[in-house]
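Scroll down for the structure; my scribbles are underneath it.
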Amino acid sequence: SRKELKGLSKEKQELIEARTSTGLLAAAQEGINLILNRTAKGEGYEGKLKPYSPSYLLMKKERKGSGADTVNLMWSGNMLSSISARKKTNKAEIFFTRATEAKKAAMNQKSRPFFGLNNDDAGRLRDVFASHVLKGITR
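For our numbering, count along the sequence shown from 1 and bump the result up by 32.
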C-alpha cells in the first residue's frame, strides 16, 4: 500500500512501483500453474473432482487409452491451453482467451469446480508477488 511505501526512499518507492506490473503477472502465472497442475491430478480448488459418468469414461478410454480414469478435464487440450493472464490497473486477471473454451469451462465449473484459487493459493500468490516486487529492497 502507499502508506507502507512512505518510510522508504524515493528510489525504492519508484523501483517497487516499476516492478508491480511484472509482480502481478508473475503471481497470475503462478495461479495458472496451480490450476493446471491441480487439474492434471484430478483435483479442483475445493478438493477432488467429481468422477466422469460411466458413458463419458468409456468414450474417453476408447479415445485416450490409459490414464483416462483421471478426471483432468482434458479431451483436446483446447480449454486448459486457453487459460491466460493479463494486467488490469492494479490487479491481474486469469481468464480464457477464447469464448468457446470459456463456455466449456463454465459448464465444467458447475459440476467440477477447477477454475479458482483457495486461501492457500492466495498466500502462494502473495509470496510470488512480494518476491518479484521486493527483491533486494530493504528498509
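Quick reminder that beta carbons are idealized off the backbone N, C-alpha and C, glycines included.
Which residue wins for smallest C-alpha separation from residue i, given the options the options?
i: Ser163; options: Phe146, Gln45 and Gly55; result: Gly55
i: Glu49; options: Thr121, Gly79 and Tyr88; result: Thr121
i: Gly155; options: Arg51, Glu46, Leu40 and Leu66; result: Leu66
i: Tyr77; options: Asp153, Gly97, Leu157 and Leu166; result: Asp153
i: Lys142; options: Ile64, Gly99, Asn110 and Leu81; result: Leu81
i: Arg118; options: Thr170, Ala138 and Gly63; result: Gly63
Just how far apart, CA to CA, sit residue i and residue j?
i: Asn151; j: Gly168; result: 27 Å
i: Ala60; j: Glu43; result: 26 Å
i: Tyr84; j: Ser116; result: 26 Å
i: Trp107; j: Glu125; result: 25 Å
i: Asn140; j: Leu40; result: 47 Å
i: Gly79; j: Thr52; result: 31 Å
i: Val160; j: Phe127; result: 19 Å
i: Tyr88; j: Arg95; result: 11 Å
Run through DSSP, which three-state label would residue i get?
i: Gly109; result: coil
i: Phe147; result: coil
i: Ser116; result: strand
i: Gly97; result: coil
i: Gly39; result: coil
i: Gly155; result: helix
Under the rule that 16 or more other beta-carbon atoms within 10 Å means buried, what is residue i, buried or exposed?
i: Thr71; result: buried
i: Ala131; result: exposed
i: Arg144; result: buried
i: Ala58; result: buried
i: Asn104; result: buried
i: Gly97; result: exposed
Counting along the chain, where does the alpha helix (DSSP H) carrying residue i start and finish?
i: Glu125; result: Element bounds for Glu125: not the alpha helix (DSSP H) but the beta strand (DSSP E), Lys123 to Phe128.
i: Gly63; result: Lys42 to Ala72
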